[in-house]
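Sequence order for the protein chains is A and B.
First residue of the first sequence: 98, per this note's numbering; consecutive thereafter.
First residue of the second sequence: 98, per this note's numbering; consecutive thereafter.
I have placed the structure first, in the form of structure tokens, so that the comments after it can refer back to it.
There are 2 protein chains.
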Amino acid sequence: MHAARKLFSNSPYSAVSMSAIAEEAGVSKANLYHHFPSKDALFMAVLRCACSDSAALLSQVSGESGDVRRSLKSLALRQLHNMQADPEGARLVLREIFDSGPERGKLLAEQILRDNFSAKVRMLRSAQNRGELKADVDPAFVLFMISAANIMYFQSREVMKHLPDVTFAEDADRFGDLMADFLACWLVPERGPGP
Amino acid sequence: MHAARKLFSNSPYSAVSMSAIAEEAGVSKANLYHHFPSKDALFMAVLRCACSDSAALLSQVSGESGDVRRSLKSLALRQLHNMQADPEGARLVLREIFDSGPERGKLLAEQILRDNFSAKVRMLRSAQNRGELKADVDPAFVLFMISAANIMYFQSREVMKHLPDVTFAEDADRFGDLMADFLACWLVPERGPGP
DNA sequence: GTCTATATAATGATAGAC
DNA sequence: GTCTATCATTATATAGAC
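Structure follows, in structure tokens:
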């Protein structure tokens with residue numbers, strides 16, 4: 098499964114042969130078919146494993162407390178950090194999100210992403226009630242933009258780093274700073290000490 | 098090429114066979130090899146065509162004038178509109194951006210994306226000089242965020258529409274409004290008529 | 001330009017010995 | 001559990017007639 102995960106994360110399903118997986122794992126092709134009934138079953142096992150891994154990583158974030166100024170930034174930074182810490186798993190799940198048709202997209206959303214997403218929306222709603230997050234922003238849109246930025250950064254660095262004026266392509270810290278600045282526009286400005 | 102474009106945009110390279118393309122086009126497989134020396138050459142021809150199409154569409158935007166308040170929103174809306182108007186071409190180019198390794202990513206950036214991107218950066222820089230765009234924002238980051246949001250919206254609608262609280266997944270107009278609001282946070286507030 | 005027919009290699013999957 | 005050997009199918013690509 099380790100070999101399969103490596104190969105499936107770098108090439109689409111149809112471009113990875115059972116022979117290649119067997120060679121990468123140092124076993125025979127027939128041995129793979131002894132443990133998994135089919136190529137599809139092996140892929141599904143790898144995907145399920147990667148999903149549970151990233152779900153476990155993501156759930157750490159929602160447990161944090163503190164005001165939304167800190168937790169929103171922490172959410173964004175840790176999401177990117179998790180992807181970079183397990184790029185193979187991230188690529189697997191992202192490919193599934195991007196290339197899946199209606200039926201598989203529904204499964205992915207309802208069985209894997211839904212609970213985590215709802216928990217984060219609730220976090221932002223309560224921040225709005227406390228007056229920390231601007232009342233007229235859509236929590237789901239905020240989460241969408243954070244994910245979009247992180248995923249795009251993670252997936253297109255190889256292209257971006259060859260574009261002029263892109264100072265953050267190979268500097269995750271700078272990207273984090275830019276993100277933090279940008280998130281601030283949705284926050285209610287902190288009260289000064291007053292006159 | 099029309100048939101190949103259709104199939105390549107819906108499945109990765111290795112999952113599309115020359116037989117399938119021939120059948121889709123209503124010709125024989127050998128006929129394809131008469132016009133293109135190999136499967137790879139056919140794919141490259143399709144990709145080049147799709148890239149020049151989307152480049153032509155994108156270049157319309159940069160010709161617009163007016164202050165940055167209008168042009169930034171117009172830029173974002175038309176980028177999404179162009180992807181939705183030619184989803185096949187968009188998927189082809191996006192797959193290439195996401196899945197390409199270092200060598201192909203460099204080609205894509207330098208030969209296709211670079212000029213357009215630089216033109217847009219210049220547009221935003223001059224807006225900063227005119228005092229319409231906040232001076233402390235990174236023009237490249239602004240463009241990155243716009244593209245990230247549009248691409249993510251375009252690519253993951255099938256997943257998003259099954260998430261609760263996502264009101265914009267099947268409503269491009271609402272998404273456009275949310276984007277416009279969000280872009281406004283980088284603009285210098287318009288001067289009121291004064292006291 | 002288009003076809004039928006074919007060459008050659010690789011694919012997913014199986015049989016059966018150890 | 002692991003292997004060698006093999007099946008049937010499909011893949012890319014070619015040959016040569018019309």
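Even for Gly, the Cβ is constructed at its ideal location relative to N, Cα and C.
Counting only residues of its own chain and dropping the five nearest sequence neighbours on each side, B/D150 has a CB closer than 7 Å to the CB of D183 and G186.
The beta carbon of B/L205 sits closer than 7 Å to those of E193, I194 and S197, all from its chain and outside the five residues before and after it, given in chain order. In summary, the residues of the segment 203-221 of chain B whose CB is separated from some CB of chain A by less than 8 Å are K203, L205, A206, E207, L210, R211, F214, S215 and V218, in the order they occur in the chain. Note that the segment 165-177 of chain B touches the segment 230-245 of chain B; at least 3 beta-carbon pairs, one per stretch, sit closer than 8 Å.
Of all residues in the segment 241-258 of chain A, the ones placed with a Cβ closer than 9 Å to any Cβ belonging to chain B are F241, M242, S244, A245, A246, N247, I248, M249, Y250, Q252, S253, R254, E255, V256, M257 and K258, in chain order. Interface residue (Cβ-Cβ distance to chain A less than 7 Å): B/C282 is classified as such.
In the three-state DSSP reduction, B/L280 falls in the helix class (H, G or I). Taking 8 Å as the cut-off between beta carbons, the residues of the segment 105-122 of chain A near chain B are S108, P109, Y110, S111 and A112, in sequence order. Of the candidates A/H131, A/F140 and A/D212, the residue whose Cα lies closest to the Cα of A/A152 is A/D212. The Cβ neighbour count for B/D268, taken over all protein chains shown within 10 Å, is under 16; the residue is labelled exposed. Distances from the alpha-carbon of B/P109 to those of B/C146, B/V263, B/V190 and B/D164 put B/V190 closest. Three or more pairs of CB atoms, one per stretch, sit closer than 8 Å, so the segment 236-251 of chain A contacts the segment 235-248 of chain B. Against B/A237, the close residues of chain A are L260, D262, V263, T264 and F265, in the order they occur along the chain (beta-carbon pairs closer than 8 Å). Taking 7 Å as the threshold, the shortest C-beta distance from A/L275 to chain B falls below it.
A residue is called buried once 16 or more other Cβ atoms fall within 10 Å of its Cβ, and B/N179 is buried on that count. Here A/R188 is buried: its Cβ has 16 or more other Cβ atoms, across all protein chains shown, within 10 Å.
I194, F195 and S197: these are the residues of the segment 183-197 of chain A whose beta carbon lies less than 7 Å from some beta carbon of chain B, given in chain order.
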